[in-house]
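Colleague: Sequences listed follow chains A and B, in order.
Each residue of the first sequence is one higher than the last, beginning at 1 in this note's numbering.
Each residue of the second sequence is one higher than the last, beginning at 303 in this note's numbering.
Backbone N, C-alpha and C fix where the C-beta goes; we use that ideal spot for every residue, glycine too.
Just so you know, these numbers come straight off a predicted model, no measurement behind them.
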Amino acid sequence: MDLQIRDLSKTYPNGVRALDDVTLTIPRGMFGLLGPNGAGKSTLMRTLATLQEPDSGSARLGDIDVLREKDRVRQTLGYLPQEFGVYPHVSAERLLEHFAVLKGITGRRARREVVDGLLRQTNLHDVRRKKLGGFSGGMRQRFGVAVALLGEPRLVIVDEPTAGLDPAERVRFLNLLSDLGENSVVILSTHIVEDVSELCTRMAIIDRGRILLEAEPLASIAALRGRIWRRVVARGELPAVEAAHAVISTRLLAGRTVVHVHAQSHPGAGFDSVEPDLEDVYFTTMAGLHAADAAPLPEVAR
Amino acid sequence: MSETALHSTPRPRDVLREQLRTVGLALRAPATVATVLAAGVALLVALGLAKSGTRIDFHPELSMVPGIAGLVLPLAVWWGEERFGPGFFWTLPVDRGRHALTRVAAGWMWLMTAVLAFVLWLLVLALLTGGNVLGDETVRVVSLPPLAPAVGIDPAAVRTASRAAQPLFWLVPFTAASGAYLLASALALGTRRPLRWIVGCVLGFFLVLGTVEGARAVSLRLALTRVLEAVFSGPYGLDALLTARSESLHTVVTLATGPTVEVWRGLPTTGDWAAATLLWTAAGMIALWLAARRHGEGRRG
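Next comes the structure, spelled out in structure tokens:
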């Protein structure tokens with residue numbers, strides 16, 4: 001079972017084209033959707049989560065037409081939005097039971113077992129009687145995962161889950177997410193490259209509503225090997241370097257500016273070849289340079 | 303193409319039971335406050351009884367409390383829940399419009415429970431103070447136009463009348479609370495910012511009134527007053543829904559001879575109350591149905 005998205009488009013009344021003929025095939029497992037803020041990720045996530053109508057296109061999950069059979073999608077959907085408005089004065093256990101009932105788990109004993117299991121899985125069992133208003137951001141996100149997993153969904157959508165989490169919470173959260181993709185299509189939408197590199201077996205990069213790259217992270221990194229060059233420059237040198245080379249990213253390291261340049265051959269004195277990572281893939285793609293490098297992608301196992 | 307495993311959807315009665323539970327939890331704090339207030343009032347009544355032997359007759363229709371409770375309850379029912387926009391609840395396999403109406407129904411059930419407790423509390427107070435519950439009572443009646451001054455009344459114009467107990471009026475707190483709750487729920491469900499609507503309507507009213515006064519448009523002012531009277535204190539007005547017109551008909555006048563007495567400008571009738579209840583409840587149900595339609599599929603941003 002995979003999720004097939006074909007030519008999905010959406011233009012908002014203010015003229016912003018949030019999705020522009022998006023076509024993706026998302027197999028079972030963890031799929032990363034990477035893009036800057038405003039790229040169209042959340043529009044795509046909300047559309048797949050039956051919360052929003054596209055202007056055109058189609059999406060199928062196995063035998064379900066996602067855009068037309070919303071009730072059926074909701075019977076197998078787990079959705080963790082960026083912010084899900086819940087009752088802050090209710091305990092985690094009580095609220096999870098509430099959502100379990102609304103997801104059709106109405107038998108008391110079965111519900112208790114499911115709720116108990118999910119609270120343990122998300123490491124929230126010890127604080128199950130604590131009110132959600134007193135939870136940290138990470139605990140809330142883990143609670144969101146518990147809600148998303150109710151009813152063993154076949155489609156799990158996780159929208160910007162690690163934004164605002166401290167490093168320790170982020171690691172704990174990613175460990176939890178890593179268990180999800182065994183039986184389901186899991187889409188992780190994020191602007192944090194590390195989230196995708198640590199979790200996903202496949203990914204896409206989206207910007208201004210268009211899919212710029214659909215690939216396996218490791219293969220796309222391999223395709224860049226020998227083409228990424230690094231140089232430490234003084235701040236005043238940066239404009240000249242940018243004018244002379246295809247600078248894909250600049251970052252500060254101990255107060256100095258490190259530039260990464262994309263070039264087919266050695267770009268000149270001072271540059272060292274570096275092992276590319278997914279961030280280089282991301283910036284190369286955003287700069288429109290990756291297409292020339294990308295090796296043919298292996299067929300997705302169906 | 304593989305067949306996708308779907309979990310079952312909850313039955314309506316399961317959703318209702320669950321909403322009863324969650325709304326009950328949301329109402330714990332207001333219920334605690336109400337209980338403390340009731341205990342305080344009971345204490346004051348006990349003190350009054352000990353001092354002066356004050357008796358409290360059982361007239362639940364006289365109290366505005368159930369109606370006011372019905373008006374403010376939707377605030378507590380929907381507190382903290384995202385009512386509009388692509389919220390998380392939309393992704394659950396329960397139709398959102400039905401979900402909203404089920405929550406309204408759950409809130410109504412709790413409201414009726416609270417009103418029942420309130421009426422029983424009034425009955426207990428009446429029994430403890432030796433007040434009248436089912437016996438006839440003698441009341442003063444005076445023919446007095448609604449806006450006429452209530453001072454200098456000729457004592458000869460005040461007549462006494464025997465008024466039989468009307469147990470049907472014991473239902474007034476329930477119907478008043480229900481009608482008010484329906485209207486307020488429709489406002490809560492149908493508008494994104496209900497408080498702004500209320501403030502806007504009040505300000506708009508005063509703006510119109512000010513303009514009419516400024517323009518010295520006497521006939522327009524009179525028409526406006528009549529409309530307001532009809533809506534609030536007319537035979538089928540809000541007062542008929544909330545107190546069977548007890549609030550507008552029961553008043554205090556100062557007689558020309560000096561004393562101040564409680565009088566009725568007319569006695570409430572079950573007919574007016576039933577008609578007003580039907581009218582306002584029907585209006586509330588229609589408004590609620592229209593409001594729930596705003597939460598149907600395809601009505602989201």
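Please report the distance separating the alpha-carbon of A/Ala110 from that of A/Lys41.
Modeller: The residue you call residue 110 of chain A lines up with position 110 of the first sequence. The residue you call residue 41 of chain A lines up with position 41 of the first sequence. For A/Ala110 and A/Lys41, the distance between alpha carbons rounds to 35 Å.
Colleague: Looking at the C-beta of A/Gln75, does it have a partner C-beta in chain B at a distance below 7 Å?
Modeller: Residue 75 of chain A sits at position 75 when you count from the first residue of the first sequence. With 7 Å as the cut-off, A/Gln75 counts as an interface residue toward chain B.
Colleague: B/Glu320 by DSSP, collapsed to three states: which one?
Modeller: Here the question's residue 320 of chain B lines up with position 18 in the second sequence. B/Glu320 falls in the helix class under three-state DSSP.
Colleague: Within the same chain, show all residues whose beta-carbon is closer than 6 Å to that of B/Ala546, passing over the 5 residues directly before and after it, in chain order.
Modeller: Walking along the second sequence from the start, residue 546 of chain B turns up at place 244. The beta carbon of B/Ala546 sits closer than 6 Å to those of Glu363, Phe471, Val474, Pro570, Trp575, all from its chain and outside the five residues before and after it, given in chain order.
Colleague: Have a look at the DSSP bridge pairing and note the partners of B/Arg465.
Modeller: Translated into the one-based positions of the second sequence, residue 465 of chain B becomes position 163. As computed with DSSP, B/Arg465 is found in a beta bridge with B/Glu439.
Colleague: Check whether chain A comes within 7 Å of B/Asp316, counting only Cβ atoms and requiring the distance to be less than that.
Modeller: Here residue 316 of chain B is taken as the residue at index 14 of the second sequence, counted from 1. For B/Asp316, the answer is yes, since a Cβ of chain A falls inside 7 Å of its Cβ.
Colleague: Identify whether A/Ala244 lies in helix, strand or coil by the three-state DSSP scheme.
Modeller: For the purposes of this step, residue 244 of chain A is taken as residue 244 along the first sequence, with counting starting at 1. Looking at A/Ala244 - three-state DSSP - the assignment turns out to be helix.
Colleague: Which of the three DSSP states, helix, strand or coil, is assigned to A/Phe31?
Modeller: On the first sequence, position 31 is the one that residue 31 of chain A refers to. Three-state result, A/Phe31: strand.
Colleague: So with CB distances below 7 Å, who are the chain B contacts of A/Gly104?
Modeller: For the purposes of this step, residue 104 of chain A is taken as the residue at position 104 of the first sequence. Chain B residues near A/Gly104: His309, Ser310, Thr311, Pro312, Pro395.
Colleague: Output the boundary residues of the alpha helix (DSSP H) element that contains A/Asp280.
Modeller: Counted from its first residue, the first sequence places residue 280 of chain A at position 280. Looking at the DSSP string, the run of the alpha helix (DSSP H) that includes A/Asp280 is 278-286.
Colleague: Once the 5 residues before and after A/Leu24 are set aside, which same chain residues still bring their CB inside 7 Å of it?
Modeller: Position 24 of the first sequence, counted from the first residue, corresponds to residue 24 of chain A. Excluding sequence neighbours, A/Leu24 sits near Ile5, Ala204, Ile211, Glu214.
Colleague: Excluding the five sequence neighbours on either side, which residues of its own chain have a C-beta within less than 6 Å of the C-beta of A/Leu8, listed in chain order?
Modeller: Start at 1 with the first residue of the first sequence, and residue 8 of chain A comes out as number 8. The answer, listed in chain order, is Leu19, Val22, Pro54, Gly57.
Colleague: With three or more beta-carbon pairs closer than 8 Å as the criterion, would you say the stretch 415-434 of chain B touches the stretch 388-400 of chain B?
Modeller: no
Colleague: Expressed to the nearest angstrom, what Euclidean distance is found between the alpha-carbon atoms of B/Pro469 and B/Leu436?
Modeller: Residue mapping note: residue 469 of chain B aligns to position 167 of the second sequence, counting from 1. Residue mapping note: residue 436 of chain B aligns to position 134 of the second sequence, counting from 1. Spanning the two alpha carbons is a distance of roughly 8 Å.
Colleague: Please name the residue, chosen from A/Arg140, A/Glu93, A/Pro161, that lies closest to A/Val196 on a Cα-to-Cα basis.
Modeller: In the first sequence, the residue the question calls residue 196 of chain A occupies position 196. The option with the nearest alpha carbon to A/Val196 is A/Pro161.
Colleague: Taking only beta-carbon atoms, is B/Glu564 less than 7 Å away from chain A?
Modeller: Here residue 564 of chain B corresponds to residue number 262 of the second sequence, with the count starting at 1. With 7 Å as the cut-off, B/Glu564 does not count as an interface residue toward chain A.
Colleague: Which of the three DSSP states is assigned to A/Gly57 in this structure?
Modeller: Working through the first sequence from its first residue, we reach residue 57 of chain A at position 57. Reduced to three states, the DSSP call for A/Gly57 is strand.
Colleague: Locate the alpha helix (DSSP H) running through B/Tyr483, then write down its first and last residues.
Modeller: Locating residue 483 of chain B in the second sequence gives position 181, where the first residue counts as 1. Note, B/Tyr483: alpha helix (DSSP H), 474-492.
Colleague: In the DSSP output, which residue or residues are listed as bridge partners for A/Thr314?
Modeller: Look at the range of chain A in this structure, 1 to 302, and you will see that residue 314 of chain A is not part of it.
Colleague: On a Cα-Cα basis, can you pick out the residue from B/Ala341, B/Ala416, B/Leu318 that is closest to B/Ala402?
Modeller: Working through the second sequence from its first residue, we reach residue 402 of chain B at position 100. It is B/Leu318 whose Cα lies nearest to the Cα of B/Ala402.
Colleague: Spatial neighbours of B/Trp381 within its chain, please: C-beta separation below 8 Å, excluding the five flanking residues on both sides.
Modeller: Working through the second sequence from its first residue, we reach residue 381 of chain B at position 79. Excluding residues within five positions, the ones whose Cβ falls inside 8 Å are Ala328.
Colleague: In chain B, what lies closer than 8 Å to A/His98 by C-beta?
Modeller: Your numbering for residue 98 of chain A matches position 98 in the first sequence. The contacting residues are Glu320, Arg323, Thr324.
Colleague: Mind reading off the beta-carbon distance from B/Phe390 to A/Pro81? Whole number of angstroms is fine, and I expect it under 8 Å.
Modeller: Taking the second sequence and counting its residues from 1, one reaches residue 390 of chain B at position 88. Taking the first sequence and counting its residues from 1, one reaches residue 81 of chain A at position 81. The Cβ separation is near 6 Å, so the contact holds.
Colleague: Starting from the beta carbon of A/Asp71, find every residue of chain B whose beta carbon is closer than 7 Å, and list them in chain order.
Modeller: Stepping through the first sequence from its first residue, residue 71 of chain A is reached at position 71. Residues of chain B passing the Cβ test: Pro395.
Colleague: Which of the three DSSP states, helix, strand or coil, is assigned to B/Met414?
Modeller: Translated into the one-based positions of the second sequence, residue 414 of chain B becomes position 112. The answer is helix: DSSP assigns B/Met414 an H, G or I state.
Colleague: Within the continuous alpha helix (DSSP H) that includes B/Thr583, where are the two ends?
Modeller: Position 281 of the second sequence, counted from the start, is the residue given in the question as residue 583 of chain B. Bounds of the alpha helix (DSSP H) holding B/Thr583 are 572-595.
Colleague: Where does B/Trp381 fall in DSSP's three states?
Modeller: Here residue 381 of chain B refers to the residue found at position 79 when the second sequence is read from its first residue. Here B/Trp381 sits in coil by DSSP.
Colleague: Any C-beta of chain A within less than 9 Å: which residues of the stretch 326-338 of chain B qualify?
Modeller: Listed by position, the residues of the stretch 326-338 of chain B near chain A (Cβ gap below 9 Å) are Leu327, Ala328, Arg330, Ala331.
Colleague: Is B/Leu489 closer than 7 Å to B/Gly586 when the C-beta atoms are compared?
Modeller: Against the second sequence, residue 586 of chain B aligns to sequence position 284. Against the second sequence, residue 489 of chain B aligns to sequence position 187. No, the pair does not count as a contact, with Cβ atoms beyond the cut-off.
Colleague: Could you spell out the range, first to last residue, of the beta strand (DSSP E) harbouring A/Ala148?
Modeller: Here residue 148 of chain A refers to the residue found at position 148 when the first sequence is read from its first residue. That residue, A/Ala148, is in no beta strand (DSSP E); its alpha helix (DSSP H) goes 137-149.
Colleague: How long is the line joining the alpha carbons of A/Ala301 and A/Ser184, rounded to whole angstroms?
Modeller: In the first sequence, the residue the question calls residue 301 of chain A occupies position 301. In the first sequence, the residue the question calls residue 184 of chain A occupies position 184. Note on A/Ala301: pLDDT 38, under 50, position unreliable in the model; no value is reported.
Colleague: I want to verify the contact list: residues of chain B whose CB lies under 7 Å from the CB of A/Gly151, in sequence order.
Modeller: Taking the first sequence and counting its residues from 1, the one referred to as residue 151 of chain A is at position 151. Within 7 Å Cβ-Cβ: His309.
Colleague: Any C-beta of chain B sitting closer than 7 Å to the C-beta of A/Tyr12?
Modeller: Reading the first sequence from its first residue, position 12 is the one you call residue 12 of chain A. Chain B contact via Cβ: absent.
Colleague: Given that B/Gly432 touches chain A, what residues does it touch there, using C-beta distances under 9 Å?
Modeller: On the second sequence, residue 432 of chain B is found 130 positions in, with the first residue counted as 1. Taking the beta carbon of B/Gly432 as reference, no residue of chain A falls within 9 Å; the closest one sits roughly 43 Å away.
Colleague: Assign B/Trp392 to buried or exposed, taking buried as 16 or more other Cβ atoms, counted over all protein chains shown, within 10 Å of its Cβ.
Modeller: In the second sequence, residue 392 of chain B corresponds to position 90, counting from 1. Buried is the call here.
Colleague: Using 8 Å for Cβ pairs, my map puts B/Ala482 next to B/Gly369. What's the rounded Cβ distance?
Modeller: Your numbering for residue 482 of chain B matches position 180 in the second sequence. Your numbering for residue 369 of chain B matches position 67 in the second sequence. About 5 Å; that satisfies the 8 Å criterion.
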